[in-house]
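Engineer:
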Amino acid sequence: MELKKVNSPKRKDVKTSELVALRIRGLSYERIAQLVGMTKQAVMARIKGCLRALDEDLGVYKENKAVILTAAEKKLIDELISKKKIKKANLSSLAYAFKEVYNANRLEQGLSTQNIAYREILEKKEAIQRRIRELERAITSDDIPESGEDNPQSPE
191 MELKKVNSPK
201 RKDVKTSELV
211 ALRIRGLSYE
221 RIAQLVGMTK
231 QAVMARIKGC
241 LRALDEDLGV
251 YKENKAVILT
261 AAEKKLIDEL
271 ISKKKIKKAN
281 LSSLAYAFKE
291 VYNANRLEQG
301 LSTQNIAYRE
311 ILEKKEAIQR
321 RIRELERAIT
331 SDDIPESGED
341 NPQSPE
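Taking this note's numbering, the leading residue of the sequence shown gets 191, the next gets one more, and so forth.
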């Protein structure tokens, strides 16, 4: 039995994105190869090469996420304060987009996205501390008898 060599020239007309889309839909590498007229190995190589590039790009993105979000934030601010945008754009949409990018950026930097009333918390803490000091003074003054009251005298 003689094996025939499959002639599979490089198919530059077949986009890698089409190959990836077929694979995402659940088609096997072999079935994709049949559909587009490529070898299974060529299909696998193109898809894996694409995934490798995505992994590299994703790594760069992850390493620079805070910087990217800050840049997006600045771009949205520029849009918000643009006279042309103010006259034409739906500002509530731009404000909402800014809020989302701002919150994502704060989370990326390990900061809170909630408004916390620190002043109110500090005032309550100080009031509690004052009350504790008052109670401590009251306990201390009750424990120490005043000038001989209830103070057994030792025999002389």
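Each residue gets a CB set at the ideal place from its N, CA and C atoms; glycine is no exception.
#1: With DSSP as the reference, label R215 as helix, strand or coil.
#2: Between which residues of its own chain and K194 is the CB-CB distance below 8 Å, once the five residues before and five after are set aside?
#3: What separation, rounded to the nearest whole angstrom, lies between the Cα atoms of T206 and L312?
#4: For Y219, verify whether its CB is less than 8 Å away from any heavy atom of the ligand COA.
#5: Does the distance from the C-beta atom of E208 to that of L259 stay below 9 Å?
#6: Please say whether G227 and V257 have beta carbons closer to each other than 9 Å?
#7: Report the three-state DSSP secondary structure of D203 (helix, strand or coil).
#8: Which ranges does the alpha helix (DSSP H) cover as unbroken runs of at least 4 residues, wholly within the segment 270–304, from first to last along the chain?
#9: To the nearest angstrom, how far is the alpha carbon of A287 from that of L266?
Structural biologist: From the atom records:
#1: As a working mapping, residue 215 is identified with position 25 in the sequence shown. R215: coil per DSSP, three-state reduction.
#2: Walking along the sequence shown from the start, residue 194 turns up at place 4. For K194, the predicted model reports a pLDDT of 38, less than 50, meaning its position is unreliable and no value from the coordinates is stated.
#3: Reading the sequence shown from its first residue, position 16 is the one you call residue 206. Reading the sequence shown from its first residue, position 122 is the one you call residue 312. If you draw a straight line from the Cα of T206 to the Cα of L312, it is about 59 Å long.
#4: The ligand content of the structure shown is nil, which means the ligand COA is not present either.
#5: Indexing the sequence shown from 1 puts residue 208 at position 18. Indexing the sequence shown from 1 puts residue 259 at position 69. Taking the C-beta atoms as reference points, L259 is found no nearer than 9 Å to E208.
#6: Along the sequence shown, read from residue 1 onward, the residue named residue 257 stands at position 67. Along the sequence shown, read from residue 1 onward, the residue named residue 227 stands at position 37. Not in contact: V257 and G227 (Cβ atoms no closer than 9 Å).
#7: As a position in the sequence shown, residue 203 is number 13, starting the count at 1. DSSP places D203 in coil when its eight states are reduced to three.
#8: As far as the segment 270–304 is concerned, its whole alpha helix (DSSP H) runs of at least 4 residues are 273–278 and 281–298.
#9: Counted from its first residue, the sequence shown places residue 287 at position 97. Counted from its first residue, the sequence shown places residue 266 at position 76. Spanning the two alpha carbons is a distance of roughly 8 Å.
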